[in-house]
Amino acid sequence: MATNLNVTELDFDQIKQNLKNFLKTQTEFNDYDFEGSGLSILLDVLAYNTHYNAMNAHYSLNEAFLDSAQIRGNVVTRAKLLGYTPRSILAPRAQVNIVVPKPSTGTIPTTLTLARGTKLKTPVEGKEFQYVVLETQQANLIGNSYTFSNVSIAEGSIRELKYRVDNDIENQKFQLTDFNADTSTLRVRVQTNEFDAAKDIYTKFETLKNVDSASQVFYLQENSAGYYEVYFGDGVTGKKPTNNNIVIIDYVTTSGTESNSAKVFQLVDNVDGLPNGVTTTAVNSSGGSVQETTESIRFNAPLTFTTQNRAVTSEDYAAIIKKEFSNIDSISTWGGEDNDPPDFGRVYISIKPLLSNALTDGEKSEITGTILKGKNVVSITPQIVDPNFTNLELDVDFKYNPNLTDRSSVELQSVVRDTISDYNFNNLNKFDGVFRHSQLTRAIDNSDPAILNTVIRPRMFQNITPTTDVNGNVLLQSHELTFVAPFFQSGQSTSFILSSTAFGLNTDPVTEHFFGDEPITGSTDRRVIVYKVVDNANVTVIADAGLMQPSLGKVTLNNFTPSSTSAIKVTVLPNSLDLAPKRNQLITIDNSFVVIVPEIDTIAVAGSSGSITYSTTSRFK
Numbered sequence: 311m312a313t314n315l316n317v318t319e320l321d322f323d324q325i326k327q328n329l330k331n332f333l334k335t336q337t338e339f340n341d342y343d344f345e346g347s348g349l350s351i352l353l354d355v356l357a358y359n360t361h362y363n364a365m366n367a368h369y370s371l372n373e374a375f376l377d378s379a380q381i382r383g384n385v386v387t388r389a390k391l392l393g394y395t396p397r398s399i400l401a402p403r404a405q406v407n408i409v410v411p412k413p414s415t416g417t418i419p420t421t422l423t424l425a426r427g428t429k430l431k432t433p434v435e436g437k438e439f440q441y442v443v444l445e446t447q448q449a450n451l452i453g454n455s456y457t458f459s460n461v462s463i464a465e466g467s468i469r470e471l472k473y474r475v476d477n478d479i480e481n482q483k484f485q486l487t488d489f490n491a492d493t494s495t496l497r498v499r500v501q502t503n504e505f506d507a508a509k510d511i512y513t514k515f516e517t518l519k520n521v522d523s524a525s526q527v528f529y530l531q532e533n534s535a536g537y538y539e540v541y542f543g544d545g546v547t548g549k550k551p552t553n554n555n556i557v558i559i560d561y562v563t564t565s566g567t568e569s570n571s572a573k574v575f576q577l578v579d580n581v582d583g584l585p586n587g588v589t590t591t592a593v594n595s596s597g598g599s600v601q602e603t604t605e606s607i608r609f610n611a612p613l614t615f616t617t618q619n620r621a622v623t624s625e626d627y628a629a630i631i632k633k634e635f636s637n638i639d640s641i642s643t644w645g646g647e648d649n650d651p652p653d654f655g656r657v658y659i660s661i662k663p664l665l666s667n668a669l670t671d672g673e674k675s676e677i678t679g680t681i682l683k684g685k686n687v688v689s690i691t692p693q694i695v696d697p698n699f700t701n702l703e704l705d706v707d708f709k710y711n712p713n714l715t716d717r718s719s720v721e722l723q724s725v726v727r728d729t730i731s732d733y734n735f736n737n738l739n740k741f742d743g744v745f746r747h748s749q750l751t752r753a754i755d756n757s758d759p760a761i762l763n764t765v766i767r768p769r770m771f772q773n774i775t776p777t778t779d780v781n782g783n784v785l786l787q788s789h790e791l792t793f794v795a796p797f798f799q800s801g802q803s804t805s806f807i808l809s810s811t812a813f814g815l816n817t818d819p820v821t822e823h824f825f826g827d828e829p830i831t832g833s834t835d836r837r838v839i840v841y842k843v844v845d846n847a848n849v850t851v852i853a854d855a856g857l858m859q860p861s862l863g864k865v866t867l868n869n870f871t872p873s874s875t876s877a878i879k880v881t882v883l884p885n886s887l888d889l890a891p892k893r894n895q896l897i898t899i900d901n902s903f904v905v906i907v908p909e910i911d912t913i914a915v916a917g918s919s920g921s922i923t924y925s926t927t928s929r930f931k
């Protein structure tokens, strides 16, 4: 009786062995040497073919699902079913003011037109980049000049494509033949024919609301080749261009991220025929990014689908912003009811950009005025707040056994520092980045077999930077510092919880002064003081320089005037070794304030005799 073939294996060797086992049960092959005969080659072919087909079947099945698909075209297709269009490469954008002087001779126009596509240039790290004006703008002659204010510009050049509508082609699509096309700058117009000067402007489809057979909308998608395509409605959901209409598509083709943070722009083209335009920067360039990655599509598509292009919950706001705004390293959103203090009728948004610590005013306006406009609930006002960083300084002591490594103590220090840097990069600097003390300790212990144990003492600090008035005088300001954790305190202890770097006062700019604190009778809060050191003793100079609320992790400084605008570092000891951010808070380890001290473990080296000189590491320092 024949043995059934096992068809559940995918491994090549196992498939071949299953074939052998099957043939060995057949009387026709009782005498065969399967390893030495020509039949072995045939079995190799059969096993290979089976393995190949099985793997293809598995890959095909995987590619049918958004979670498991690996080929970008398949991920894009699955995302399209959720109504999601992947974000294209985005050009860095800036805002400039352009002033054109009145001509000294000839006809003096009352109005000048700054055309879309007008070129500017800027140097970034020794390389010159071209920027173009995004929208046509006009300016009247006022005094002796024409002023164009807050002109939006983008890095790259404008490319124009023209296509003829052919209704014999079913579902005709018009391809942007450029991988570097920034689709956020896309402009689509339709002419009746090439001789008609009039052009109908089509807008990108966003929602079915108010879209009918006459709506001049276009649709955008990424095709399997990685190019973006424009197509139109079918005469029911969107107007359908007629045969031989001319479709005109123009957009900015860009290099992406290279010119982020450009600051100085120079006008290259004339403005309406007038030269000598002077450019000043209103907002530095930012927002340039690469095309959305496959993993980002996989993550964002379901989130965007759940929002249905409407911002209702705080998570909806995050999903919409991540879809349409690229300059995001991390984002946090929360309702006004969860704010401190509660602020009903608002939703708060905090974004850490890719290359800086806060968004520009222009980027904030783009999010609240363009991206979220028409999508959020009318009664809810979105408000963007800057991230609040709590910096950590670390005292790190580790004991090691020199017999277990070839590395010196200095080399071990370097290994530990790299481990801390990796932890900071991978786990912190984002809104959900929790500092887990044991996790970092474990990572250091595992960084080298010689390291036996580690003690980490974290301290939190923030910097305050005084400002000046128009006359250059340093201002008396109120600085509210909010940290990610309550402060450690022991009852009514007179020992300082708070410390600072030295600073001068306007009344005494030469002497070094410092922040300290003292208890308030009958309260868990503490009074912030300013003191100086005289003959090794602390002498209070300002007895009430602010208020410390240890249980809330807050320090308010409001009664001192420094002598300069130099930054002052304010440091506190956290009540917990684990630190968790909330709302707009982020945690980062400042590597310049990481002190690492190695010590040989005498017990590990010398056994019980080594305990005589063995020392433990203090919890506080």
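Here this note's numbering is used: the first residue of the sequence shown is 311, the next is one more, and so on.
Using N, Cα and C, we set each Cβ at its ideal position, and we do this for glycine too.
For clarity, every value in this text was computed on a predicted model and none was experimentally measured.
- When the Cα atoms are used, D626 and F615 turn out to be separated by approximately 10 Å.
- When the five nearest sequence neighbours on each side are left out, the beta carbons in the same chain lying within less than 8 Å of the beta carbon of D779 are those of L785, in order along the chain.
- DSSP places D705 inside the beta strand (DSSP E), whose first and last residues are N698 to Y710.
- In the three-state reduction of the DSSP assignment, K685 falls in the coil class, being assigned neither a helical nor a strand state.
- Across the structure, V706 and R397 are spaced so that their CA atoms are roughly 43 Å apart.
- Apart from sequence neighbours up to five positions away, the residues of its chain that approach F515 with a beta-carbon distance below 6 Å are V527 and Y529, ordered along the chain.
- Judged by their CB atoms, K472 and I556 are nearer to each other than the 7 Å cut-off.
- Here K842 is bridged, per DSSP, to V849.
- Counting the other CB atoms within 10 Å of its CB gives F654 a total below 16, which places it among the exposed residues.
- Only residues of its own chain outside the window of five on either side were considered, and among them A890 have a CB closer than 6 Å to the CB of V744, listed in chain order.
- Pairwise C-beta distances place the region 370 to 379 out of contact with the region 346 to 362, as fewer than three of them are shorter than 8 Å.
- Out of I852, I452 and V688, the CA that lies nearest to the CA of L867 is found in I852.
- Exclusion of the five residues before and after D758 leaves T715, R717, L722 and V725 as the residues of its chain whose Cβ lies within less than 7 Å of its Cβ.
- With respect to the 7 Å criterion, I681 and F635 are classified as neighbours on the basis of their beta carbons.
- Contact check for S595 against S569 passes: the beta carbons are separated by less than 7 Å.
- Here S494 is buried: its Cβ has 16 or more other Cβ atoms, across all protein chains shown, within 10 Å.
- Taking the C-beta atoms as reference points, E470 is found no nearer than 7 Å to Y441.
- Relative to S523, the option among F542, R474 and K334 whose CA is nearest is F542.
- DSSP places D323 in the helix class (H, G or I) of the three-state scheme.
- Per DSSP, the unbroken beta strand (DSSP E) holding N460 starts and ends at S455 to E465.
- The C-beta distance from V581 to A404 rounds to 18 Å, too long to meet the 8 Å contact threshold.
- P776 sits close to P872, with the two beta carbons spaced by under 7 Å.
- DSSP places Y441 in no alpha helix (DSSP H) but in the uninterrupted beta strand (DSSP E) bounded by K437 to V443.
- A Cβ-Cβ contact shorter than 7 Å links F797 with V882.
- Rounded to whole angstroms, the gap between the alpha carbons of N407 and E673 is 17 Å.
- If you draw a straight line from the Cα of S886 to the Cα of R767, it comes to about 10 Å.
- Of the candidates S565, L613 and I630, the residue whose Cα lies closest to the Cα of V600 is S565.
- For V385, the enclosing alpha helix (DSSP H) stretches over residues R382 to L391.
- In the structure shown, T604 adopts helical secondary structure according to DSSP, grouped into three states.
- Beta-bridge analysis with DSSP links V904 to L704.
- For the pair T817 and L896, the Cα-to-Cα distance works out to about 36 Å.
- With distances taken between CA atoms, F505 lies nearest to N554 out of D755, N554 and T547.
- Closest in alpha carbon position to P411, among G427, N384 and N454, is N454.
- In the DSSP assignment, E373 falls outside any alpha helix (DSSP H), carrying neither H nor E.
- With 16 or more other CB atoms across the displayed protein chains lying within 10 angstroms of its CB, H823 is buried.
- If the five residues before and after D911 are omitted, its C-beta is found closer than 7 Å to the C-beta atoms of K709, Y710, N711 and L762, all from its own chain and listed in chain order.
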